[in-house]
């Protein structure tokens with residue numbers, strides 16, 4: 001087996017205009033962080049205890065078992081190795097790759113809910129057990145018939161003052177909890193979201209700690225029906241579960257009461273603000289933006305490396321087959337998503353840092369910033385996960401036939417990452433939440449209020465475009481202006497559309513529904529403007545080395561120009577840009593792609609994903625694709641024998657019968 | 001279990017403006033065909049021999065075995081039942097659904113290649129064996145390192161005049177045959193495409209009949225290495241295979257010599273035309289257009305029915321949760337793909353009928369029509385499979401969380417149908433083939449030649465648009481004009497771009513590459529114009545009942561208007577349409593969707609897919625989604641026991657160790 005690097009890839013790396021390490025440092029926040037990341041990743045990847053078996057060759061049940069085992073081992077090792085909480089994700093992602101983790105909901109939702117919504121006493125009771133994995137929990141909110149719309153939940157928690165208990169029930173089939181990760185087979189506890197009823201009155205959904213399985217033998221407790229919801233597109237390793245409860249009684253103290261409370265006599269105490277839960281949502285959405293960036297980084301790493309190894313067709317008679325990345329159509333498929341990967345990587349960082357800054361204000365009781373953050377994060381979550389969805393598939397298709405093989409890693413990546421468009425709020429609903437805030441802000445500005453933050457630009461809307469100007473379409477300032485103008489105009493148009501529907505006699509909900517396509521369009525434009533502006537602003541960092549500043553500027557220009565030409569109608573419709581601007585933009589894109597071509601491999605190398613995380617034969621760092629494709633295929637379970645058992649069972653009698661009939 | 005129809009779905013059907021049966025007859029070519037289709041489908045679906053097990057609960061190996069068994073049984077039954085060849089596909093598709101068939105390549109490629117490329121003697125030798133399944137074959141063309149570019153194939157067939165044999169070799173790793181369906185485990189023969197060498201001279205790729213496995217014990221023959229290429233995104237049931245040959249000798253008579261010939265003394269006789277193979281390609285591409293139509297029909301059937309059963313959120317305070325199809329954003333996701341399903345269904349029919357008409361001319365030696373047909377079919381194959389790819393996923397995402405479950409049928413549909421964008425010519429390469437023909441035609445027209453057929457409109461290009469006109473954007477004539485103008489302009493622009501690149505000093509191949517993004521755009525516009533025009537023309541059929549003509553006209557308008565607003569920049573760039581036209585178009589789309597809303601279920605019912613073919617709990621005809629979701633989940637292998645074995649193996653020791661440490 002070859003141990004040298006494929007010569008085509010070696011040449012690519014030699015010809016790059018910059019040192020990838022510099023961008024790696026920029027992306028991860030400095031050389032110390034990169035060092036830490038590499039240390040922890042190699043600790044995980046070189047640990048023989050993990051085996052790192054190929055999930056592609058396993059049944060779903062085997063995948064679940066294998067990953068559960070791995071996840072428990074990882075949990076134990078993280079404690080043994082005393083890995084710092086801040087660095088933990090470096091270790092975790094090296095163990096699991098971009099695959100989900102059977103204990104993921106325990107770590108990502110169960111524990112945080114206890115931190116955020118349990119009282120001090122409740123924390124004392126459960127946190128130690130949960131942090132030390134004596135109990136394993138999940139977060140059971142979604143129901144078979146109810147998703148994004150929380151108020152529609154049907155599960156009930158009825159207070160019984162006589163016994164000081166809540167009685168939990170699943171009153172209908174559609175009320176069954178459905179989807180929570182780890183619920184089916186793994187968890188023995190959950191935080192259950194249920195409609196609180198006190199003396200016949202409903203108080204809306206609240207969180208309750210519920211034990212669902214025995215700590216002795218793991219059997220479901222009386223009144224509890226629980227199981228796996230069956231195989232899915234991806235998430236094979238996760239036991240997403242269902243749960244039905246029949247008169248299950250829990251003590252009053254099991255309602256998580258940090259915000260709302262139920263007193264022993266049944267008195268209900270409201271939370272100080274209904275917006276408090278927004279903080280966590282902003283955080284979770286920022287992680288989805290990060291996931292989208294990761295999905296695109298991994299997908300473009302695989303596709304761009306493979307496109308330098310793969311040779312195809314004949315560009316010039318008699319010449320050797322060119323690397324497929326030399327085809328401009330291939331560049332046009334991949335480079336815009338490479339640019340988007342960088343754009344969302346930086347967007348996610350900004351969101352996290354805004355969230356951190358505002359968190360301290362929120363913890364001091366100042367929640368004024370929350371509505372804006374909430375609206376912004378909804379749109380960015382939706383935009384980034386939509387783009388990632390399309391981009392991952394574009395990368396897969398750009399790898400031709402081999403992209404379709406699980407050897408490429410791309411089908412599994414897609415199947416595991418595409419739920420980001422659905423969970424934590426379905427994307428269209430998210431965009432409409434952003435739009436609601438935009439409409440509110442727009443109306444405030446019409447009434448003379450001065451807007452701040454990410455919507456400040458709506459104050460200064462000038463719907464009439466400056467005509468006849470000649471623009472330099474490579475200028476990032478001009479590009480940001482164009483995206484800002486488009487967003488402002490589309491917000492204005494959506495508002496006009498809403499007004500027209502109202503004037504035509506529709507009530508507010510019907511008008512909103514009728515205008516919703518325009519509203520989504522406006523929210524999308526607003527989110528895209530934020531991403532472009534954020535990318536451009538990050539390039540003004542004076543610490544940036546000039547070699548990487550040059551290449552990152554090209555990526556930013558490409559990101560903006562590609563967004564512009566693929567939505568050219570939005571810029572042309574009111575004459576803000578002219579046909580000649582758009583033609584200029586297209587020519588610039590071609591020129592930028594030609595300039596980026598020699599740096600493409602270095603730009604994906606800079607993401608610094610080890611092979612163990614990429615899990616892709618096409619995307620291997622050493623480019624030795626073909627040898628490993630064959631080795632991998634030979635390990636396929638169907639190849640255990642030269643003649644498969646199905647021959648003896650079915651094919652042989654069939655062939656013999658046919659021969660006899662001749 | 002409920003046996004009645006969900007009341008929401010029942011109401012939808014009662015309120016439709018037309019009788020779905022009328023459209024079913026229109027789609028399938030008359031009531032007799034529909035009758036035949038239903039007869040054969042119910043014969044297959046009600047035959048207990050097939051079991052119809054759920055593949056979602058099986059490992060890949062089990063899936064392969066199950067489907068092989070089913071496929072052999074189907075083959076036997078088709079003969080027993082004496083099903084007419086014309087009707088066979090009705091029976092087949094009811095047995096396999098939209099899933100591929102392990103003997104698919106034998107039926108779809110091996111036999112047709114023998115029909116089309118074997119001499120009379122060769123037919124006498126092999127056809128009987130192949131038609132009666134004494135031998136099972138596949139078509140081995142694609143290699144590990146070589147796909148769409150046929151001339152790049154590396155496998156060699158060297159003529160040895162001494163022994164009157166060809167010596168077959170796989171000279172390099174990348175020359176291994178890779179991907180052919182049924183090659184890995186099932187087939188004992190194949191048609192092998194290999195570079196023909198005679199006395200050191202290469203004559204390009206030719207087809208050879210090669211036995212690869214023993215007819216006695218199915219073992220690979222000496223010199224043959226063959227196996228499965230491993231798991232893929234979809235096609236789990238197919239043993240796509242690899243094949244390497246080492247000095248395998250076959251008699252001279254095993255080269256398929258209907259077109260090219262090698263005489264005993266090594267004299268090579270060229271085929272009469274290099275374009276003869278085009279005929280089959282046109283046919284195969286038309287079937288991919290049909291597959292794309294089927295993919296979209298199935299996906300929209302599932303998503304639209306489910307969107308009437310599913311209720312979500314609160315549109316008006318205090319009102320019940322509305323059906324999700326009442327959300328305009330949901331309509332905007334699904335209705336354009338419903339329209340596209342119809343558009344491609346009719347496109348595929350037209351292509352097949354054009355192919356049939358031209359076939360008789362071609363068989364008489366008149367191949368003048370082939371280049372145009374070839375170019376047109378390449379673009380339509382690419383356009384339809386791209387739209388189907390995006391549309392299937394849009395439908396899945398529109399079903400929210402449950403769309404992600406294999407219970408929806410949508411992930412499996414997507415994974416099995418998405419290869420249409422890659423096989424039989426990668427889509428971008430296909431579009432560039434269309435573009436090549438468009439450029440040639442455009443240049444001919446510049447030189448005063450009159451163009452005919454699908455490119456006739458290029459003769460009359462008027463790049464200067466008629467300004468200031470007021471258009472009725474609902475008028476199908478005006479819409480066809482707009483698409484024609486856009487196509488003509490983009491062909492013109494691509495030609496200008498090519499010329500500019502040449503004038504700037506690039507040679508022809510480099511100029512072609514530099515202009516390729518514009519060339520693809522032009523080919524796409526040309527293909528879209530054909531689809532819109534074809535849809536509009538089919539509506540002029542005087543036999544159409546007025547009730548269905550009305551609703552089909554709305555679909556056609558929606559298809560055209562949606563294509564127009566999503567590509568609005570193309571129409572605005574040269575001022576052919578104005579911003580106010582585009583706004584008018586958007587308002588028309590909203591109005592059309594509102595009119596189509598009550599007919600949506602009837603429009604998918606008209607596709608007439610029985611539940612056994614849909615294979616979707618969300619898309620069930622009776623709409624009893626939730627009960628069946630639960631039943632299905634309970635059958636998941638992970639639910640064999642309440643407490644999964646992994647608890648005893650891994651979870652219990654983990655939990656106990658943690659408890660002990662407290």
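Chains as they are written, first to last, in full-length UniProt numbering: chain A, 1 to 662; chain B, 1 to 662. All residues carry an ideal CB built from backbone N, CA and C; glycine is no exception.
Straight-line gap, residue i to residue j (C-alpha atoms, nearest Å)
i: residue 593 of chain B; j: residue 375 of chain A; result: 28 Å
i: residue 656 of chain A; j: residue 5 of chain B; result: 47 Å
i: residue 33 of chain A; j: residue 600 of chain B; result: 55 Å
i: residue 574 of chain A; j: residue 571 of chain B; result: 13 Å
i: residue 632 of chain B; j: residue 63 of chain B; result: 18 Å
i: residue 687 of chain B; j: residue 637 of chain A; result: In this structure chain B extends from 1 to 662, so residue 687 of chain B is not present and cannot be described.
i: residue 635 of chain A; j: residue 317 of chain B; result: 59 Å
i: residue 118 of chain A; j: residue 259 of chain A; result: 8 Å
i: residue 485 of chain A; j: residue 564 of chain A; result: 12 Å
i: residue 659 of chain B; j: residue 519 of chain A; result: 53 Å
i: residue 122 of chain A; j: residue 110 of chain A; result: 14 Å
i: residue 102 of chain A; j: residue 640 of chain B; result: 19 Å
i: residue 1 of chain B; j: residue 72 of chain A; result: Confidence at residue 1 of chain B is low in this model, with a pLDDT of 44, below 50, so the placement of that residue is unreliable and no value is reported for it.
i: residue 66 of chain B; j: residue 624 of chain B; result: 28 Å
i: residue 343 of chain B; j: residue 282 of chain A; result: 42 Å
i: residue 538 of chain A; j: residue 556 of chain A; result: 10 Å
i: residue 320 of chain A; j: residue 314 of chain A; result: 7 Å
i: residue 420 of chain A; j: residue 307 of chain B; result: 21 Å
i: residue 612 of chain B; j: residue 345 of chain B; result: 21 Å
i: residue 645 of chain B; j: residue 654 of chain B; result: 14 Å
i: residue 79 of chain A; j: residue 531 of chain A; result: 38 Å
i: residue 510 of chain A; j: residue 360 of chain B; result: 57 Å
Delimiting residues of the alpha helix (DSSP H) encompassing residue i
i: residue 156 of chain B; result: Segment 156 to 160 is the beta strand (DSSP E) holding residue 156 of chain B; no alpha helix (DSSP H) there.
i: residue 112 of chain A; result: 111 to 117
i: residue 64 of chain B; result: 60 to 80
i: residue 143 of chain A; result: Segment: none, residue 143 of chain A is in no alpha helix (DSSP H) and carries neither H nor E.
i: residue 393 of chain B; result: 370 to 398
i: residue 533 of chain A; result: 516 to 538
i: residue 559 of chain B; result: 546 to 566
Integer-rounded CB distance, given that residue j should sit under 8 Å from residue i
i: residue 168 of chain B; j: residue 248 of chain B; result: 4 Å
i: residue 250 of chain A; j: residue 166 of chain A; result: 5 Å
i: residue 334 of chain A; j: residue 300 of chain A; result: 6 Å
Extent of the continuous beta strand (DSSP E) run through residue i
i: residue 485 of chain B; result: Note, residue 485 of chain B: premise wrong, no beta strand (DSSP E); alpha helix (DSSP H) at 476 to 503.
i: residue 165 of chain B; result: 165 to 169
Cβ-based burial, residue i [other Cβ within 10 Å; buried from 16]
i: residue 240 of chain A; result: buried
i: residue 513 of chain B; result: buried
i: residue 505 of chain A; result: exposed
**Message:** When you compare the segment 393 to 412 of chain B with the segment 434 to 446 of chain A, are there three or more beta-carbon pairs, one atom per stretch, that lie closer than 8 Å?
**Reply:** no
**Request:** Decide if the segment 258 to 274 of chain B is in contact with the segment 568 to 585 of chain B; the criterion is three or more beta carbon pairs, one per stretch, under 8 Å apart.
**Result:** no
**Request:** Check whether the segment 22 to 39 of chain B touches the segment 600 to 615 of chain B, counting contact only when three or more Cβ pairs, one atom from each stretch, lie closer than 8 Å.
**Result:** yes
**Prompt:** Are the segment 348 to 362 of chain A and the segment 175 to 194 of chain B touching by the rule of at least three beta carbon pairs closer than 8 Å?
**Reply:** no
**Message:** Contact between the segment 301 to 308 of chain B and the segment 610 to 619 of chain B is defined here as three or more beta-carbon pairs at a separation below 8 Å; is this criterion met?
**Reply:** By the Cβ test, the segment 301 to 308 of chain B is in contact with the segment 610 to 619 of chain B, since at least three Cβ pairs between them sit closer than 8 Å.
**Asked** Hey, is the segment 189 to 201 of chain B in contact with the segment 77 to 87 of chain B, meaning 3+ C-beta pairs nearer than 8 Å?
**Response** no
**the segment 218 to 226 of chain B in contact with the segment 146 to 163 of chain B per 3-pair CB rule at 8 Å** = With contact defined as three or more Cβ pairs closer than 8 Å, the segment 218 to 226 of chain B and the segment 146 to 163 of chain B are not in contact.
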